[in-house]
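Chains as they are written, first to last, in our numbering: chain A, 1 to 294; chain B, 295 to 608; chain C, 609 to 822. Following: one structure in structure tokens, then a few remarks.
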């Protein structure tokens, strides 16, 4: 992923390779032993009793969980679709030269990334209906998620923008680009690539934010797990299965992000003709200027 | 209560009735309660209880502003939970929520609108009063104990049920037999029940442990995190039937009156619901519902419902 | 509201619990997360794998799931910690994945040339990390790490869901008695928010202080 990774150490020599092989074997043995031991103890306390697992093979229960998953995904997709562009705008706002915009975006970000999401959900559940604003249950959950995660995303994008060498922006303006053009065509594309690991993490935590659905009476996956537990009394089994579902879904998400990241990188090298000629020229010229300056 | 799962067979219910018979103060005359019969639709005792519940004459509804609005909306908006065994539990298979509280809500909906249609907003300890005050729900049915503090914010119809907290301990535990033995012990209970306040007066030295769900409290007792679990006796009994590693001891040591929370702003609401409660208690609907829900684990005849307005705050 | 004073002691204990959980959880996450980050960028393949799998699994489970599994699952394999310890361990394990990613993001922002130059000077993996890459990466790690700290703080409020009387737990407990409802929750949330805001402010100052102008 990081190109810095590969330059931090030499290719290992024969002795290092032997040492690595030993560490590998020991690590694998330790991990397998630990897992085996845990399963053994687990079985001994009766948690592997087939009776406690059979419901996860029965369609009505599977359907119930799948429905919860669908609600979770719906909530995530809508939240992400709004929160990511909003986060970019807020990050740009915080770096704006207009003092008012800068202060307003700063205040928004500091406020919304600090207050507990649950409180905001409660505002939509309990506070706003009292003054006549009663949005549908879905939005009682999604609007607070958007409000909070756009603030966190803004901080991530800002960190990425600030990490870019100043020369990029300076070079762009030396080439006659306005500040907004430079941001759009030079800074942002590079900055977003820099922060992709944090970005994926944040999208995943956005998915997990939907677990607050219980407070808004929204039937997402965790709420479904609670229902299932109350009905079947199989606490550990249900939460293991649900955890597994979350892990699989989120892994798929990060793989998708990684794929996009790689494809974007390849496009820039291989498909040089893609994109408008002007953008291409700007990118090349900026790189030249930066190289010369260094 | 419906047990659609293959492993929850009628045998289990029979065991339940047996266990209870040996356990409770109740009458020894063992009821031959029909256990989850499977044939045409109206034979399910729960559905039958709802089907037999009364519908108000149109004139009665139109005279009451609160009920009139609900009838116009065509659905009763209720606050509650759907994870509470025996009182309000959603069946993941059918998607239907049943139980004593759920059934009462459906009966009230039917009384007003003619159909047992309810729309559930799930509530937490934090949100119950607020959802009534801000008119998100028409009524709260949530094993909702009537207390004077709560009555300053919402109006309580009822009490409709007298709950009694009992004690669950690990099957091997021989030291805890009554509430007196709880002194200094760690006791689990559900965070949204009033069992914790009841414990404070009955056994002030108890260290309470609040969990979100019934299943977690049971696990805490089973694993020794808590010495005991205190909540309504019927819930404990149904848990103990499903799990041989725990048992229920002693008699119920509290009398916790459950009420139906409605708005304080419109006195018509409480008045209407109180009158309806009196009606279903008199015509046998209440007893039929008890029999098909709590009566599936508690042996004997339905108890006498508490008198309406008999506790402070109602 | 005069009765609020009668709960003062409990509220303070709850606040103390929330804060100590946060500090212990964050410290644990910082140590474990750094180790994981070194695993993930280091030369030893199985350790890279361990780091990757750890991060991918832990950051993908909702914290509440993890808490429930630890509190009610561990006793079944013979490990019983008290609830407070279990929650602290969960917070550390869960957030270590995020610390690891924050550190990696920070390292990612250091231009490749810096690492190449360090290697060209003959520095080893550890030396180039310690003396060249990490100091430069530190600035862009601060905000993500502050985010993680705030995450630990807000995550600690889930402790009340598994029976630990933290600030939120105390608020819910008082609600059972007094039925103050969302107002009381909002007050508790305001306390969390002001701590988080304070941390965000400190983070911003620290970030400016260590800024490297390029």
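A virtual CB, placed ideally from N, CA and C, is assigned to each residue, including glycine.
Cβ contact annotation for residue 257 (chain A) (same chain, cutoff 6 Å, sequence separation greater than five): 200, in chain order. Considering only beta carbons, the part of the segment 701-722 of chain C lying closer than 9 Å to chain A consists of 705, 706, 709, 710, 712, 713, 714, 715, 716, 717, 718, 719, 720, 721 and 722, in chain order. A residue is called buried once 16 or more other Cβ atoms fall within 10 Å of its Cβ, and residue 457 (chain B) is buried on that count. According to DSSP, residue pairing for residue 392 (chain B) in a beta bridge involves B:383. Taking a beta-carbon distance threshold of 7 Å, residue 556 (chain B) does not count as an interface residue toward chain A. The straight-line gap separating the alpha-carbon atoms of residue 152 (chain A) and residue 88 (chain A) is approximately 11 Å. In this structure residue 353 (chain B) is exposed. Its beta-carbon is surrounded by fewer than 16 other beta-carbon atoms within 10 angstroms. Counting only runs of 4+ residues, the alpha helix (DSSP H) found wholly inside the segment 520-548 of chain B occupies 527-536, in chain order. Taking the CA atoms as reference points, residue 623 (chain C) sits about 46 Å from residue 580 (chain B). For residue 135 (chain A), the secondary structure class from DSSP, reduced to helix, strand or coil, is coil.
Residues are counted here when their Cβ sits less than 8 Å from a Cβ of chain C; for the segment 438-449 of chain B these are 441, 443, 444, 446 and 447, given in chain order. Look at residue 440 (chain B) here: in three-state DSSP terms it is coil, with no helix or strand label.
Within the segment 483-514 of chain B, the residues whose Cβ lies closer than 9 Å to any Cβ of chain A are, in chain order, 506, 507, 508, 509, 510, 512 and 513.
In summary, residue 819 (chain C) is exposed, with fewer than 16 beta-carbon neighbours lying within 10 Å of its beta-carbon over all protein chains present. In the three-state scheme derived from DSSP, where H, G and I count as helix and E and B as strand, residue 558 (chain B) is classed as coil. Beyond the five residues adjoining it in sequence on each side, residue 634 (chain C) comes within less than 6 Å, by CB distance, of 757 and 760 in the same chain, given in chain order.
Counting C-beta pairs closer than 8 Å gives fewer than three between the segment 201-219 of chain A and the segment 406-413 of chain B, which falls short of the contact rule.
Chain C places a beta carbon closer than 7 Å to that of residue 116 (chain A), counting this residue as a contact. Residue 484 (chain B) carries a strand assignment under DSSP once its states are collapsed to helix, strand and coil.
Straight across, the Cα-Cα distance linking residue 104 (chain A) with residue 665 (chain C) is about 37 Å. Within the same chain, 372, 412 and 435 come within 6 Å of residue 399 (chain B) by CB-CB distance, once the 5 residues on both sides are set aside. Within the DSSP bridge table, the entry for residue 412 (chain B) names B:370 as partners. Only 239, 240, 242, 243, 246, 247 and 250 from the segment 239-250 of chain A bring a Cβ to less than 7 Å from some Cβ of chain C. Residue pairing by DSSP places residue 461 (chain B) opposite B:524 and B:543 in a beta bridge.
Note on geometry: alpha-carbon atoms of residue 591 (chain B) and residue 219 (chain A) lie some 29 Å from one another. Excluding the 5 residues flanking it on each side, residue 361 (chain B) has same chain C-beta neighbours closer than 7 Å at 355, 406 and 566, in chain order.
Per DSSP, the beta-bridge partners of residue 552 (chain B) are B:439 and B:455.
When CB distances to chain B are screened at a threshold of 7 Å, the residues of the segment 124-138 of chain A falling below it are 125, 126, 129, 130 and 134, in chain order.
Contact annotation: residue 380 (chain B) and residue 529 (chain B) have beta-carbon atoms nearer than 7 Å. Annotated three-state conformation of residue 502 (chain B) is strand, per DSSP.
Annotated three-state conformation of residue 378 (chain B) is strand, per DSSP. Straight-line spacing of the CA atoms in residue 338 (chain B) and residue 228 (chain A) works out to 22 Å. For residue 418 (chain B), the number of other beta carbons within 10 angstroms of its own is at least 16, and it is reported as buried.
Interface criterion met: the Cβ of residue 119 (chain A) is under 7 Å from a Cβ in chain C. Residue environment analysis places residue 19 (chain A) among the exposed positions, since fewer than 16 neighbouring C-beta atoms fall within 10 angstroms of its C-beta. In this chain, the alpha helix (DSSP H) harbouring residue 785 (chain C) covers 775-786.
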